[in-house]
Each structure stands twice: as C-alpha cells, then as structure tokens.
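Participant: Just add 241 to the spot in the sequence shown (first one is 1) and you have this note's numbering. All C-beta atoms, glycine included, are put in the ideal place defined by N, C-alpha and C. Questions regarding the structure given below will be posed in turn.
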Amino acid sequence: QVQLVESGGGLVQSGGSLRLSCAVSGSIFNFDAMRWYRQAPGKQRELVATITSGGSINYADFVKGRFTISRDNAKNTVHLQMNSLKPEDTAVYYCHAALPFSIRYWGQGTQVTVSS
242 QVQLVESGGG LVQSGGSLRL SCAVSGSIFN FDAMRWYRQA PGKQRELVAT
292 ITSGGSINYA DFVKGRFTIS RDNAKNTVHL QMNSLKPEDT AVYYCHAALP
342 FSIRYWGQGT QVTVSS
C-alpha cells in the first residue's frame, strides 16, 4: 500500500510563494507519473502539473511560468514550487501517483489560500 502525504500549504498574499511537498511511502523511481491536482470550492478537480518517470514535465496553461514540479527519487518526494500566486490559485492541492497496471493513489490534500 502506497501512502502520499502532502505538506507545505498555507495562507499567502497575492504574489507570494509556497512550496508543496508530497512524501511517498514507497519508491517513486518506477512510478509512471506523479501529478499535482487542485480543487477549488464548487469546482471540479483539475490537473496542475505532471512529471513522468522519464522526466517529462507538463503544466496546465494557467500555471505555466509560475509553478515548477520536481521529484527527488532518493527521498521519494515530489515538490510543487508555486510562485506569483494569485487568489484564483486558492484550492486544495492533491498529490497523485500513477503506477503500472492503472493503479492510482491520492494524497489527503493540503489547503492553499491566496489573499488579495
């Protein structure tokens, strides 16, 4: 059983930065991909960023140039560096792991609140 634990959320002013971390209980080296999603109140969960086992990275258009996803295989951790935060970035951010054979895991989420 793989467990994902997010941390690093909080309250920040518009224009500020936060760094989210996702600690994984197992080795992430062979994971197909790690992703960050977010869900704002009353809205559907949306994909924010992806990093694959091969190192390919993709971002949603609404975070390009502001957010950076990275992974530390030695520490089984994935990070999301969020800069130039906007009030519309306010959401619960979730870590997601995609393993072979369509196995998926979610973290419990961490709240990010950006004040104007």
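#1: Sort Gln242, Arg345, Leu321, Ser343 by Cα distance to Val289 and report the nearest one.
#2: Mind checking Glu247: buried by the 16 CB within 10 Å criterion, or exposed?
#3: What is the DSSP secondary structure of Ala315, counted as helix, strand or coil?
#4: Is the distance from the Cβ of Gln254 to the Cβ of Ser356 below 7 Å?
#5: Report yes if the C-beta distance between Ala339 and Asp273 is below 7 Å; otherwise report no.
#6: In angstroms with no decimal places, state the Cα-to-Cα distance between Asn324 and Phe308.
#7: Give me the residue from Gly283, Gly306, Gly250 with the minimum Cα distance to Leu259.
#8: In chain order, what residues of the same chain have a beta carbon less than 8 Å from the beta carbon of Ile298, not counting five sequence neighbours either side?
Facilitator: Let's see:
#1: Counting from 1 along the sequence shown, the entry for residue 289 is found at position 48. Selected option, being the one with the closest Cα: Leu321.
#2: On the sequence shown, residue 247 is found 6 positions in, with the first residue counted as 1. Classification for Glu247: buried.
#3: Locating residue 315 in the sequence shown gives position 74, where the first residue counts as 1. In the three-state reduction of the DSSP assignment, Ala315 falls in the helix class.
#4: The count along the sequence shown starts at 1 and reaches residue 254 at position 13. The count along the sequence shown starts at 1 and reaches residue 356 at position 115. The answer is yes: Cβ separation under 7 Å.
#5: Within the sequence shown, numbered from 1, the residue matching residue 339 stands at position 98. Within the sequence shown, numbered from 1, the residue matching residue 273 stands at position 32. It is a contact, given that the beta carbons lie within the stated cut-off.
#6: Here residue 324 refers to the residue found at position 83 when the sequence shown is read from its first residue. Here residue 308 refers to the residue found at position 67 when the sequence shown is read from its first residue. Straight-line Cα distance between these residues: approximately 6 Å.
#7: Against the sequence shown, residue 259 aligns to sequence position 18. Answer by Cα proximity: Gly250.
#8: In the sequence shown, the residue the question calls residue 298 occupies position 57. Only Ala290, Thr291, Ile292, Ile310 meet the Cβ criterion.
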